């Protein structure tokens with residue numbers, strides 16, 4: 001597109017075919033990223049472009065009495081001011097599962113920060129100042145903020161006239177979705193228990209806090225369509241939601257992925273996409289929107305905060321008898337991914353343990369709190385926090401070692417989940433616990449030096465709050481189970497286009513998918529797969545866009561499995577066509593063309609015995625083989641809405657953590673000294689990236705254990721800390737050494753035996769840290785994040 | 001207003017700068033240097049770290065007018081800056097008290113953009129840039145430019161930092177992807193290789 005600079009580029013990487021799968025190949029975008037040249041979505045630029053800005057509601061729940069935009073429109077440099085009335089079609093809502101989210105508020109606002117109006121101007125500050133001159137009159141309504149206020153008699157309804165698929169199955173219109181799971185007879189089993197423990201747990205609202213803010217550039221096209229360059233997790237899901245609101249066919253909304261500065265689930269829902277397109281189509285000019293951090297906290301959904309009630313029983317020899325639980329997830333004002341989060345929370349609520357008799361219920365609420373949806377771990381995180389606390393409670397009550405207790409009840413291949421599904425690939429839960437426990441412990445009193453205490457290594461750090469006087473150490477363990485891929489019957493496919501041709505005398509491959517590279521390393525792995533399957537050195541990764549079929553979402557730990565699988569599949573078909581061409585050209589010269597298993601290696605056609613039959617360059621000459629193919633994993637099925645039974649998941653991912661903490665008991669400050677992880681990855685396609693993902697996921701779990709929480713005022717439902725000053729994410733000083741032990745037990749159903757890895761480490765690190773703090777202090781601590789006042793009792 | 005300063009060794013001038021514009025905005029939107037990132041614009045995350053007369057600052061908190069007549073190094077100029085330092089045995093600007101004079105530094109010019117490491121052409125990288133790639137310290141990469149500028153300044157002050165020194169120096173730079181372990185690895189690696197290996201290249 002002329003006039004656009006800093007657009008995504010093709011990533012070409014040379015290398016040798018031993019930089020295939022299993023090698024710690026370096027990122028093809030690494031050089032661009034370290035030189036500052038990589039084009040993130042907030043770096044896009046177009047000559048003559050305008051800046052968009054979103055006016056957001058200052059109240060959580062209100063009727064909109066009036067909106068007056070005249071003064072804003074009169075500002076010099078302002079090109080357009082849009083409200084709900086300016087939307088071009090009858091489609092005015094969007095949503096991942098339920099189309100309940102207004103593009104711009106109409107009639108009422110349902111949460112603090114909801115988009116109300118849009119401005120396009122020639123300078124971002126002009127746009128902000130014009131937005132401040134839009135007069136919105138609100139008539140405030142009472143808010144619902146928790147289960148009690150949302151479901152009591154006469155509670156205000158967040159959505160008055162629900163017609164979605166879940167509306168008929170829920171006991172109250174302020175419940176988005178409900179999933180019970182009943183298996184065996186929990187009541188009868190409870191009578192066999194020698195000990196029973198119960199607990200109520202609270203999980204705070206976590207934010208993805210990706211570093212690159214929501215941003216993008218919409219460029220109006222001559223054909224009446226629009227070209228959108230944006231950071232997202234799933235281009236085709238965006239497209240499906242954007243096109244109807246704009247009143248355009250999907251082929252007139254051309255989307256290209258721009259550089260994505262992290263995602264973690266926060267980019268599954270739309271943010272500026274439709275807003276940017278509306279402003280571009282209205283003004284006829286390119287429009288760039290970049291959220292600042294304050295707006296980013298309102299621009300994406302968060303992790304569901306949760307309240308969880310658990311009851312477990314065990315016999316005196318340490319066998320679990322039953323589990324009952326109720327999980328209440330706060331979905332906030334719009335549904336987003338809440339139904340699927342409920343499915344995960346319920347089906348994984350028992351954790352990686354054998355419990356045959358269960359009684360489970362999970363619900364997600366509609367409230368006037370900020371909307372919640374996808375975040376790394378997706379429903380399994382909250383449950384893991386609770387069931388792992390329960391395991392420690394039971395072990396303590398039985399006088400058993402907490403790791404041995406877990407191992408005694410650990411699931412394995414063949415175990416039935418509460419949904420009745422058989423775990424049909426390795427489930428090395430006891431082994432992961434053994435490995436993490438076997439790692440050497442960090443030395444005691446690391447802060448002690450010959451010159452006295454190095455306070456930098458103590459809780460409170462350079463603030464000199466302690467020199468070690470009231471510091472106690474604790475150790476805690478946790479393990480978790482996460483499903484990989486989209487579950488419950490979702491058609492979770494991916495598409496890859498692979499082209500092979502001869503350039504400059506050597507065969508090269510181009511891989512084109514719509515996969516969102518969000519930092520996880522998919523571009524690296526795709527090149528590795530192409531090298532392995534096609535025996536080429538040089539692979540070019542085409543920018544992700546909607547000119548190729550959907551790759552599905554970069555979420556649910558699925559992208560290497562599914563789009564990696566699609567690339568592998570496309571490469572295999574390309575290879576077969578190369579070999580077929582070779583047979584036609586050279587088959588008469590050597591019998592192995594007809595009889596042997598043939599491979600492509602180092603630019604040559606070779607037999608499985610290693611005999612070279614031809615150069616691929618001579619086979620192809622000036623012909624290119626270019627195939628676009630879809631690929632699917634095994635189908636899943638929905639959970640029964642009454643019993644929760646069904647083969648709902650594709651694959652599982654397991655990780656275990658051991659946390660070592662030091663707590664200043666006088667001041668309530670925690671220093672996490674070490675957070676060791678053992679994870680089964682099936683097959684490490686890129687060990688360097690695998691460890692990076694495990695350490696990153698572990699750190700996000702650490703964050704929610706001790707510092708991260710979006711605080712919503714329970715009376716007004718307003719967000720109180722939308723900034724990096726007040727919403728704290730771990731710094732390099734807060735993050736300990738994270739030794740990682742990677743286990744590779746192949747899943748025979750998955751490409752190369754791999755297991756999705758991105759989410760599992762986020763599950764168990766939080767409860768491990770909590771367990772360690774409990775171990776250090778003797779306190780019960782049923783809430784995360786732990787704050788100083790919880791430790792000091794003040 | 002008009003603001004004149006030196007960016008990556010080159011005299012630059014920005015016209016029609018609004019009084020409230022940050023140095024970050026001017027670099028990104030007026031100078032065409034988007035390497036410095038805009039993650040919080042509140043001085044909390046360090047993604048926009050540049051050197052102002054040798055000192056690492058959050059460019060989002062510096063009003064563009066405050067940069068008048070001063071010298072700025074961004075991630076885009078880091079490789080040349082490190083090369084100058086290696087050749088002159090000190091800091092490239094002279095602002096750290098030893099090595100290259102201010103006069104010499106002012107004559108230093110960043111190379112024009114265009115060479116592309118991804119297409120096989122060799123791109124010059126500073127040791128810290130090379131180490132970040134090799135150690136796997138780059139994932140989404142949004143925090144990387146700010147971390148590189150901060151880490152390079154650390155290594156200039158302290159060629160053999162301890163882990164505690166590295167943590168202290170980088171504590172103002174948030175990263176959400178890596179868990180920091182590989183960032184520590186990268187700084188250790190760059191320290192072990194030393195500044196002499198400035199002319200590493202992208203591959």
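Chains as they are written, first to last, in UniProt numbering: chain A, 1 to 794; chain B, 1 to 203. Where a beta carbon is used, it is the ideal one built from N, C-alpha and C, also for glycine. Note that the structure is predicted; figures quoted are calculated from it, not measured.
C-beta contact flag for residue i and residue j at 8 Å
i                     : j                     : result
residue 587 (chain A) : residue 594 (chain A) : yes
residue 476 (chain A) : residue 356 (chain A) : no
residue 259 (chain A) : residue 555 (chain A) : no
residue 7 (chain B)   : residue 49 (chain B)  : no
residue 382 (chain A) : residue 199 (chain A) : no
residue 539 (chain A) : residue 514 (chain A) : no
residue 293 (chain A) : residue 724 (chain A) : yes
residue 62 (chain B)  : residue 22 (chain B)  : yes
residue 548 (chain A) : residue 625 (chain A) : no
residue 659 (chain A) : residue 769 (chain A) : yes
residue 807 (chain A) : residue 686 (chain A) : The displayed coordinates of chain A run from 1 to 794. Any statement about residue 807 (chain A) would go beyond what the structure contains.
residue 164 (chain B) : residue 326 (chain A) : no
Reference residue i; option with closest CA among the options
i                     : options                    : result
residue 74 (chain A)  : A:107, A:100, A:121        : A:121
residue 566 (chain A) : A:543, A:599, A:497        : A:497
residue 134 (chain A) : A:116, A:125, A:281, A:143 : A:116
residue 146 (chain A) : A:405, A:175, A:421        : A:175
residue 148 (chain B) : B:3, B:133, B:69           : B:133
residue 214 (chain A) : A:453, A:608, A:386, A:296 : A:296
residue 366 (chain A) : A:342, A:290, A:460        : A:342
residue 448 (chain A) : A:125, A:681, A:458, A:439 : A:458
residue 468 (chain A) : A:570, A:330, A:605, A:670 : A:670
residue 66 (chain A)  : A:52, A:49, A:84, A:60     : A:84
residue 363 (chain A) : A:328, A:764, A:270, A:124 : A:328
residue 132 (chain A) : A:81, A:177, A:155         : A:81
residue 557 (chain A) : A:289, A:50, A:657, A:758  : A:758
residue 706 (chain A) : A:716, A:662, A:693        : A:662
Same chain only: Cβ atoms within 6 Å of residue i, ignoring 5 sequence neighbours per side
i                     : result
residue 371 (chain A) : 301, 332, 333, 334, 336
residue 194 (chain B) : none
Minimum Cβ-Cβ distance from residue i to chain B less than 8 Å
i                     : result
residue 381 (chain A) : no
residue 456 (chain A) : yes
residue 592 (chain A) : no
residue 504 (chain A) : no
residue 34 (chain A)  : yes
residue 698 (chain A) : yes
Cutoff 8 Å: residue i Cβ touching any chain A Cβ
i                     : result
residue 17 (chain B)  : no
residue 42 (chain B)  : yes
residue 138 (chain B) : yes
residue 129 (chain B) : yes
residue 154 (chain B) : no
residue 8 (chain B)   : no
residue 5 (chain B)   : no
residue 171 (chain B) : yes
Cut-off 7 Å between Cβ atoms - residues of its own chain near residue i, not counting five sequence neighbours on either side
i                     : result
residue 233 (chain A) : 263, 267, 268, 516, 518, 553, 554, 555
residue 695 (chain A) : 738, 740
residue 571 (chain A) : 498, 529, 530, 533, 534
residue 542 (chain A) : 10, 510, 511, 512
residue 280 (chain A) : 218, 219, 220, 226, 286, 287
Residues of its chain near residue i, where Cβ-Cβ distance is below 8 Å and the 5 sequence neighbours each way are ignored
i                     : result
residue 793 (chain A) : none
residue 691 (chain A) : 740, 742
Neighbour list for residue i in chain D, Cβ cutoff strictly below 7 Å
i                    : result
residue 14 (chain B) : Within the model displayed, chain D is absent; protein chains A and B are what it includes.
Proximity test, residue i beta-carbon vs the ligand SAM heavy atom, cut-off 7 Å
i                     : result
residue 468 (chain A) : Judged by which ligands are present, the structure shown has none, so any question about the ligand SAM falls away.
>> Report the start-end ranges of each beta strand (DSSP E) in the region 506–562 of chain A that is 3 residues or longer and not cut off at the edges.
In response: 506–512, 539–541
> Which runs of the beta strand (DSSP E) fall wholly inside the region 580–623 of chain A and span at least 3 residues, in chain order?
Replying inline: Segments of the beta strand (DSSP E) lying fully in the region 580–623 of chain A: 598–601, 604–607, 612–615.
> Which runs of the beta strand (DSSP E), 3 residues or longer, sit entirely within the region 63–109 of chain A?
Replying inline: 78–82
> What are the uninterrupted segments assigned as beta strand (DSSP E) that are 3 or more residues long and contained completely in the region 245–327 of chain A, given in chain order?
Replying inline: 253–257, 287–290, 306–314
> Which runs of the beta strand (DSSP E) fall wholly inside the region 218–247 of chain A and span at least 3 residues, in chain order?
Replying inline: 226–230
> At which residue ranges does the region 359–437 of chain A contain complete beta strand (DSSP E) runs of 3 or more residues, listed in the order of the chain?
Replying inline: none
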